[in-house]
Each structure stands twice: as structure tokens, then as C-alpha cells.
Amino acid sequence: MATLLLAAAGSAIGGAVGGTVMGLTGAAIGQAVGATIGSMIDQRIMGAGASTVETGRLDTWRVQGAQEGTALPYIAGRMRLPGQMIWSSRFLETVSKSSGGGGKGSKPKVTQNSYSYSVSFALALCEGRATRIGRIWADGKLVDQSEVEVRFHDGSDTQMPDPVIAAVEGVDVAPAYRGTAYVVFEGLELAKYGNRIPQINVEVYRQPESDAPTLRDRVQAVALIPGTGEYALATEPVSLVHGPGIYETVNVNNDTGAADITLSLDHLQGQLPNVASTLLVASWFGSDLRAGQCEITPGVEQVLSEGDRMAWQVSGLDRAEGHQISKTGDRVNYGGTPADAAIIEAIGTLRDRGVEVTFYPFILMDIPQGNGLPDPAGAAEQGAFPWRGRIAVEANGTAAAEGEIAAFFGPATAQDFTIVGDTVRYAGSDFGFARMILHYAHLCKAAGGVAAFCVGSEMRDLLRTRADTGAYPAVARMIALLAEVRAVLGPDVKLSYAADWSEYYGHHDGDDVIYHLDPLWADANVDFVGIDNYMPLSDWRAGDTHLDAQDGWEAIHDPAYLKSNIEGGEGYDWYYATQADRVAQLRTPIVDEAYGDDHVFRYKDIRNWWARPHFDRPGGVRSTLETAWVPRSKPIWFTEFGCPAIDKGTNQPNVFRDLKSSENAVPYFSTGARDDFIQHQYINAVLDYWNAPENNPISEIYEEPMLRMDRAHVWAWDARPWPDFPNRVGLWSDGVNFGTGHWISGRQEMAVLADVVREVCVRSGVTAVETGRLYGGVAGMEMRDGQSARAGLQPLMLAYGFDCRERDGVLHFFSRDGLVDVDLGDLDPVEVSGPQKVRGPLDEQPDRVRLRYIQSDHDYQSGSVEAALRAGAPLRAETAELPIALGAGQAKSIAERWLAEAVVSRDGMQVSVPPSLLALEPGDVIELDGLNWRIDRIEERGARKLDAIRVEPGVYTSAYHPDRLFDAPGLVGAGPVLSEVLDLPLLRGDEVEHAPYAAAAATPWPGPVNVFLSPSQSGYELAGQIVRQATLGVLRAPLPAARTGVWSGGKLRVELSHGTLEGRTAEAVLDGANVAALRYGDSGDWEVVQYRDARLVGPMTYELSGLLRGQAGTEFVMPEVWPEGTRFIALDGAPVQIDLPYSARGLDRYLRIGPASRSVDNASYTTEVHAFDGVGLRPYQPVHLRGRGTAEGLEVSWIRRTRIDGDLWAGGDVPLNEEREVYLVTIEKAGTVVFSKEATEPHALLDAADLPAAPYDITVGQISARFGIGPIARMTRHD
């Protein structure tokens, strides 16, 4: 009997993979092989007689292990793995010494030891060869990879031992761990983890082996977007400065510390290693769809803050002069135009990476909703944020059209531009289209050149503009503009225009058929025909009644079906005359009834358009003269091509979701559900088809193929690295469009379901596998603990809805679709016995299904979705788990499918059919009485007895469910810090006398800040570490001078950028509290002040009173008034002294100051040059200078002060704190020293003979053997 035969076959195959076929008996083949849900969903989904197997469970905790013999996981796609410890060094103890005191007259020097620990170790991640690693978590927190030394070994069969393992264990004995992907952490600092090795999780990417070329192999060119973002193309960090020390690093939004574009390009070259060309997009903003009124301007996101190392400049405009991009609420609707300097950096880094640049100026229409602008197409108002292809004239077909075109292009010529450093200046004042194009031509020249340059793209309606003579003035202007660009860029740069797929082949207007772009394509300055190719490759609908299904095609994802529509189907064989015809599938054949040249009307017939001469047909009458186009004379580039990742995306690849835009749409007949795999299949089909020599003829003129597929740029790869884009929706608002958009970044490491299934089978020894009808992409899956193949496949079959059957010793896996294979109604009723139908009891049917899964877009945390038949409390709820990485929308669709299958499969049927239907197999779908039934079991009893359950094709069509967007918190970037270096007097008396102080502040605060010192610009050594953020700001009102030594009645108003201030008691102030330093500008001495009272009078603004001025001997520093803007730094212990050799006093020293988490050569460090006097050694100014005339001359006296212990009240004179007591006494006349002498006591007698005529000045300053003369006291004599 067939049942026994099938069971035997199943047992044989199942034995190879661990049990019966995928864990089910032959009775279940076809209904739910692999579609078992254990005890979670009604057995109708499993099938009668089906047994289940234990599969992987969801891990709430991913615990790192170190147990010998533990099986490593197998993964496909990407997963978060805990790793197994396979090697570790000994802990390394580091002793750091710090000291204080030791100055002359100070307390004894104290040395303090601090201990830190680090360790190197290796973690095995998975079996086989992995592609790369992504994010790393330590103790559940994302690791800033710029702060750790980690190396990835991919698990190849030729990998060598890690150098640190080899250094510790010895080169001859160090293991290479071939066949195992692992990571090595070198010298991981353990302090932040409690001096222990933390729990490490690693995001691992791995692609299954494939028996056919993959996109990784095929893609050779991509479009690099978004084309916006003021510093999105800058390859080094740029921070906006919002105030002193308040930085926002705008182009580092990832966990590596690299600029976003740098990381994104790393991902690009890792995932698509054959990419050799990029379409580099840069956008300006159009103001109006009316060509004559449209200005095209570079835009800025804000005007208040500027970049620290790169001021925004575009075309000679600064930030204040740029177009301020419109906002919705408090968010800009677009990112700003990339700064010219950022574009130069991007071009340079792409060149250094061996990737050619095709520069692509782009127009975005900044026309918000409610704009009130008349629409040239006739609507009352222009649509919000429309497509640039809708820019048009208002007077088409008239003489006025030429004027509107001239206004749109503007007067700019190449001679109006000048390259100045890393920007280009324009001598004019207009904002025409020509200005943008010529600006970027000059900028590309300033960047060292590019491989190719496009003078615009998809300006369809503009280039179709006709004058009253029938001429196309915009085409003529474009040709002239190309000549200007050629003059700038020279003969080696490829030039063209990127035409929309609906315009490249001609203008069909009523009876007119005009090859309006042929003068452009034929122009000597055009090197290739650029086509933005978004031609439809399908006309698919739900169910099996639409025409393509009736023609025998089983799935929209079938590559053969898609390729059949590249030079076939809509736009080639037929078209829809109206939308109503499209809905009804009333196809009108494309036929040239007049001349028999059908290709003239086929926009898909690229081959004939390229290979044949063109003849205009004004009024429908073919001209006898050829157009300027020379057949086969120039190659065609797909300047853009791509497909949205959305259900039925190939039906209409040019549309996209963007709720703010009037262009917002989903493809024809799409449910709107996300479908990454249709995008994959579209790109694969296009590349596979046109790379075939039989489809891509060679030109005998230029001896290359018709289509340059190495310049077919897939739209699009984002310069913002995945997964930070799209997850950081608080930063990038267009992240909400990613899920169903055209982006390929973030999807290229999806594993093809067919490849995963095949590899799992092959791993278990089953090589006879067929997966040609299996469609889908897997974000991530994992098999661990030595799971069998059936245990690994079962969750996949559940999630992706596919079956398996054996035929002639081959396992055939195929996706369920519910479509009919055989209509039993076509048979003679005599040949069909039955049917007998049965419906299962209602009380056994679940009305709610909960699915727990791994969230692919939320750090791989456990997620949950629910599908319900009705609202309210469930009568019967079932829960399922899938250890597979899924998006929330996909998970919701799976739960809905399960529930729908459970409901529909209540209906069962038995029917007998004749032996002539021998081709029927379990899993086939039959139709009877208008219903579809899937065969579950076949028994041979003369006639063939079929057991079947009811299915509905609509069950397998996913509804739209948006992915959950998690605004992923970013790491606090270690950007630049605001630093101050202060040469201060002794404040306590126990400091290192000659050593300066360093203070730092930043928002965000990066943690400890290191200060490195060197006599040159290399060889830096650590001189100190700032642990606490300084409290600093600037004066917001002038501060006049005041008496010293008494409480001042003045008030000091300071606006802080960081920190807070508080009042203290007078006793506390006299005991040393509330000390601060003041200085105006970048040089000069600091006045030390103290304050008693602090009152908050505004945001971050304090009024300080109860002042003590000129403290610590700084009264001589006090000017008549400290002006507004004077710097203020609290000396509250946050500034630290740095190690400066005594011998370095007075010599220029280079300081590098930046986050301790970064190396000294990191871009976050700033460089300063200072020479330090060692103010802590400076004697105080003498006081109470007096003069008394005597017979011999003038007796001068004063009171000495001291730097250390001057406040002792024990009586007697204050300590000297110098090697000897000596003063310099001078006599100055009119500013010139006329006499000087040294005194060894605090008085001196000046001989009458040495005294000039009054008036004259007497000055006295104490001399230090180590510092020199200190500040002087001065008195003027008038007698």
C-alpha cells in the first residue's frame, strides 16, 4: 500500500536526519511536515499521526560558558551568541603611582598606588565559517568597540593562530581553531566589570553555502544615499558646538567610534566585496514645481551651531545663508545638504578603497503640505514633497516655455566658479539648476576627480517641455550644460544624464512619437545612456485566478517568472490602457499597426532601442530621416535600479512608502506587508538576466556589452550604518520607511531560506535535496546543543510555511500557497468516489495564538505577538515559541497564518480518485466543489484514497503589520572636550609647586580625560588624568576691580556651560571653600577669587556675592574691569595637576587632551601648545611699600609675604619659603629704569645721588632662585 511505501521512504530519509521525515510519520506528509507546533496549536495544523520533536527554546539569558565538550551552535543569517571560553591568559596587574606634596616648605611627598587588572581571552562563537561580527554586549550593555581591542577569526580552514595566543602559548603550540569562528579580546580592562571577565554576547553573521551565485557575488555597484545630512559624508567625526564644551558628534552614531559613513563602507565592502562603483548622491532643494519659479538651493538643518572641525559651506554659502529646510513640528523634513568638505572626504575615501565614484546631483522638493502653490499639472495646490520629475513649465507648447526653461537653468557658466580649498565659490547670486550642476563639477575636480558625473536625473516632465516650434528647449539646455561640465572635468570623466525608465526611449504625446532625448544621447559629451530602471517584472495578484497564475506560474518569487518579464509582460507584450483595465486585467497588446515596429512602443525593449535607428513620428507619420542616435554607439548604464522590500514589490518597483510625501504609495495589489525576499529576487533576476551573454550583445563600435552591468547601481545602500539606521528613529525620521523601502543595506546578510534548508540537510548527510520551489529569507536562526536536522528545520517550516515530501529518493521542499494543482471537477464524476466531508468540533479550535520569538530589530530580545479571532477574553488560547529572529510585522503575520490554518483545517475530506491520477502526491492541492483541499495522506486500494484538509490561498498572503520601531539609545560618544590648562599659584600649599593644572568639561561627558605631554608633535606620554568634569562658564556682566583682603560688595554674574554652584558659610570660605579662577582670552595670568553666596538667576546663570578678590597673591592680575565673556573655572578639585618636568618650565610643550577611552591619536583629542612658568613658585607681591626721606637719601620699607603657610597665627614672621631672602628695588623715571639694587632685608636705603627729579616710581619685587622676580609693588614719589 502507498501508505506503507511512503512511511518506509519517510523512515529511511528521516533516519538520516534523525527520525521519520522531519519528525513526522508518512501520514502527515503533505499536510504539516515540519509544520508542527507541538502541543501549542491544534493537531489539525500538524496532521494526523504526526509526532513532534523538541526544538530550540528562546533564551531570556544568554550565558557565556567555558565547559569542555560543549557543542557550538550552527547559525544562518545573524544571531546574538554568548560564546564559549576557549582560551584565557593570566590576569595582568598594573600598578599606577600618583604623588602629591614635596614642594619646598610643604608636607612630605605622599605616593599612592592604585591597581588595575586586564586579561586576554578567546570566545568560540559558532561552527563553520562566519562572515563577520557586529555588535558586542558585555553584561547586557552595548560595548563601545573603539575602547576595546577585539579580533575576529572567521573560522576558515586556513586561519592562523591569533597573535596574542601565539605570544602567550608559543607559536608552535598555539591552536588555530580552524573551522570555528571565534573572537579574541586583548587586554580587556576589567575595572568597569568589577575586576572579572564580563558576560560577553556577540552578534554573529554567517551565510549558508549556496550552489548558485548570490547577490554577494553579483552586485558590483550601489547607490550611496541618503544624499542629505550636513556631515553624513564626512569620514572623520564632526561635532556641532552648542556652547563652551557642549558638543554633539553628529556623524558618529554607532558602537565603533568611527564616522558613520566609514563603518557603512566597511559593511558594504564586507557584504558585497565585488562592488567597484558607487553612485554618490548629494541633494539640493527645489522650492516649486513651476520651472520658472523654482529655485534650487543647498539646505541646512539649523543655523545656531557650527561644526568644530568643518564649518558648513556649500557653493560659497555659509550656514546662515543656506536654505532652512522646512519642519514638521520640531523636526526638519530632510537632512541638510552635505558640506562641500564632507563630499571631498567621501570621494577621497572611496578612491582610497578602490571604489569608483559616479557623482549624482539630486533634487529634493522641499514643498510642505499646505504650500498654496499652484500645480503646473492643474491641481489647486502642489503635492507635499513631490518627485522632481514633476517639475514642469506652465506654458508648455508656447513661446513662453523657453523663458521658463531659461529661468530654471539660470545664467551660471563654468567661468563663474572658483575652487577655494575644500569648497567652491560662485560669483553669481541666482539659484538655478546650472549653478548646482556646475558647482558639483568643480567640487569633483577639487576632490581629485571622479569616474563619472550625471548632470541630473529623472527630470521627465521638464525635458518633455516643448516650445511653440515643437523643439525641446530643456534638452537643448541640458546639452549645453554638458559641454560646460566637460570643460571643467576633462575628457576622462564619463558624463551623462540619468533618465527615468518612462522617458529614456522617447516622448509619446498623442499621435506624436518623438525621440526627444536622442540629441542628448548622441551628443559627443555623453559617454553612456543612463537609465533609472524601475520597470515592473510582475503582474501578480492574490489567489490563483489571475492571468499569470493561470499561465502556470506558481509564485511571484519564482526567478524564472521574474526574468520572463524583463523582456516580456507589461511594457513589452502588452499594456493597461486604464486603471480599470488593470484591475480587470484587460491587457492591450503592444502592436505597431502602422509600421510593424512594435519595439517603438515598448519601454522594456532596451535591446531594440539600442540596436536600431530611430525615426520620429510627428502626428503618427514616420520621418524618413533618422534621429541623431547612432545604433549600438554607446553603452547603457542602469544608473539606478531596485525594488522596495514590500509585498508584490515587483509589480511596481518605482513606488515607495513615505507618509509625508504626496508620492507615498504601495505597489499595485500589494497588501503592504514587508517582504525582503521579493527585493532579493528582483535584484537577482535583473543581474542574472542581463549578465547572460545571450541577452547582452556586444557592440562592434565600442567593443563592450550593450549594458555595463558593472555600472548597474542598486538603489540603495545607506551611508548611515545598519542597524543604527533605521533603529535610531529619534535621530533619523526616515527610519520608519526602511522596512518596506528600497534599502538593501541591512538586508544583504539575510540568509536565503532554500540555502539554509539545503545546508541543514547536507550537515546531516542528506545531499539529495531540492529547494527550487522554496521561497523566503531568514533574518537569523540557530541550532545548538547538537540538535538534529529535523529539530532545526521544524521551526523554519513553522515560520515560513513550507512542506517536504520525498520523490525518487530526493527530498523536495516547497512553499505552501494553497493554489490548485488538480481540479477534480474536471474529471468524470464516475471516476470520483465520495467525497466524505467532516468538520472538527468547535470547542477544540483555538481562537487566539500567542507567538514568542527573537526580535531581529531589538537587540535579539524575546518578543511576543498575538493573533485573535475576536476581541475579549479567549476561549482557547495557545502559545508557541520560535527560536528564530523575526521582525514584529513578520511575527504577527505568522501568528495570523497559524490561526487561520487552524480554523480552515477543521474541514476534512476523503475522496477516491482513479489510478490515472498517479502524479498526485501528498502536499498537492486539489479543487472540488469550489473549495481547495491539501492532500494529507494517500492510500492505494485500487482507486487512490485521498485524505485532505481544506486550505485557502489567502491564508498565505501576509497582511500589513508595521515593524515595531525601537528608538535605540546610542552610546555616549567620546567626542572632543573643552579643556583649560591653568598655571596657578599654590592654593593649599601641598601641591607640586611648578606643575600646571588641567581641567575639562564636555556634554556629553565621556568619562575620564587623559592629558598627554610631549616636547614635539610625537612621542606623547601620559601626564595626568582628569576624572571629574570641571564647573566652568563665562561672565555675563562686567566685574570691576575691588579691594583685596576684605569682603567685596561686588557681584559676579556667570553663565555656566557645565556644573552647578552653591553658597557656603563665611567660615567655610575662609577655610578654603568656593575658589574660582578668572581670565580673559587665551593667555595671561588667572585671578583667584572666592565667593560666599551663589544665587541662580537664570538658566545655568548664577550671581555670586560675598567676594574675596585677588586671592593667593593674584591681586596684581586684577584689571580695572573683567569684561563680559571672561572665563570662569571653579577650583573645586576637578582640575588636576599634570606631571611636568621641572626642567620643562618656560619651554613650549605640546598637550593632547581627550577621552581616556580613546587612544592619543584619536580625532577626539585636541592639541594645545603651552609654556608654563610654574606660577606655584612665584613669590607674592610685597605690600605696604613706604618711603621716608633722610639726610642720606630715601629709606624704603615693605612687608614680605609668603606662598606657603602664610595664614599661621602662632606669632612671629611668616615662613620665607625661598632659599634666601632677596628683593629687587628699582627706580623708574618715565617708565625707564634708572637705578636698581638688591636688598636682603625688607628695607633699603637709596642714596640721594641716585634719585632723579620727581616724580619717579619706586618698585620692589621679591626674587626667587627658581622662579625669578615676582610681581612688583610700586609707589610714586612727588617730592
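Residues 499 to 1777 (the working numbering) are what the sequence shown spells out, left to right.
Idealized CB from N, CA, C, for every residue including glycine.
Looking from the CA of A1040, the closest CA among H651, W1051 and D1030 belongs to W1051. Distances from the CA of D850 to each of F931, V779, G947 and G805 were compared; the closest alpha carbon is that of G947. Taking a cut-off of 8 Å for Cβ pairs, the segment 1668-1681 and the segment 755-765 do not touch, as fewer than three such pairs fall below it. Counting only unbroken stretches of 3 or more residues, the beta strand (DSSP E) elements lying wholly within the segment 677-745 are 678-687, 698-704, 719-723 and 737-741, in sequence order. Counting only the Cα atoms, Y1678 lies some 6 Å from G1768. Buried is the label assigned to T1700, since at least 16 other Cβ atoms lie within 10 Å of its Cβ. Contact check for G1531 against H1459 fails: the beta carbons are separated by 9 Å or more.
DSSP, read as helix, strand or coil, puts Y970 in coil. Annotation for Y1754: the continuous beta strand (DSSP E) segment containing it runs Y1754 to S1762.
Just measuring C-alpha positions, the residue of G954, V918 and R1656 sitting nearest L1520 is R1656.
Using a C-beta cut-off of 8 Å, the segment 1242-1254 makes contact with the segment 701-717, since at least three inter-stretch Cβ pairs fall below that distance. Check the Cα spacing between A1628 and each of V617, D1755 and A1571: the tightest is with A1571. The alpha-carbon of T835 is positioned some 39 Å away from that of G1517. Straight across, the Cα-Cα distance linking R1350 with G1406 is about 29 Å.
Selection K639, S1414, R1218 and A1365 evaluated against L761 yields R1218 as nearest (Cα-Cα). Note on geometry: alpha-carbon atoms of D786 and I865 lie some 7 Å from one another.
Take A1375, set aside five residues on each side of it, and the residues of its chain with a beta-carbon closer than 8 Å to its own are P1344, D1345, R1346, V1347 and R1348, in chain order. The count of Cβ pairs closer than 8 Å, one atom from the segment 1490-1506 and one from the segment 1685-1693, stays below three, leaving the stretches out of contact. The beta-bridge partner set that DSSP reports for W1072 consists of E1068 and P1087. Residues of the same chain with a CB within less than 7 Å of the CB of R807, apart from the 5 flanking positions on each side, are V736 in chain order. Distances from the CA of E566 to each of M583, L579 and I573 were compared; the closest alpha carbon is that of M583.
Look at M1281 here: in three-state DSSP terms it is strand. Taking C-beta atoms as the reference points, F619 and V717 fail to come closer than 9 Å.
Here the C-alpha atom of G1307 lies approximately 26 Å from the C-alpha atom of M1281. Beta-bridge partners of V1586 (DSSP): A1575 and Q1609. Under the Cβ criterion (8 Å, minimum of three pairs), the segment 1010-1025 counts as touching the segment 1114-1132.
Distance check between L1291 and each of T629, Y572 and T916 places Y572 closest, using alpha-carbon atoms only. With contacts defined as CB atoms closer than 9 Å, F589 and S612 fail to qualify as a contacting pair. Beta-bridge partners assigned by DSSP to T916: R923. Its chain contains L980, L993, S994, Y995, L1018 and K1132 as the residues whose beta carbon lies nearer than 8 Å to that of V1024, once the 5 sequence neighbours on both sides are disregarded; these appear in chain order.
Here the segment 655-663 does not lie against the segment 714-732, with fewer than 3 beta-carbon pairs under 8 Å apart. A straight-line Cα-Cα distance of about 11 Å links R1271 and A1058. Cβ-Cβ distances below 7 Å link D1090 to D1096, V1098 and F1099 in the same chain, with the five nearest sequence neighbours on each side left out; the list follows chain order. Under a 10 Å Cβ-count criterion, R1368 is classified as exposed, with fewer than 16 other Cβ atoms of the shown protein chains found around its own Cβ. Look at I842 here: in three-state DSSP terms it is helix. In the DSSP assignment, N1106 falls within the alpha helix (DSSP H) that extends over I1104 to A1109.
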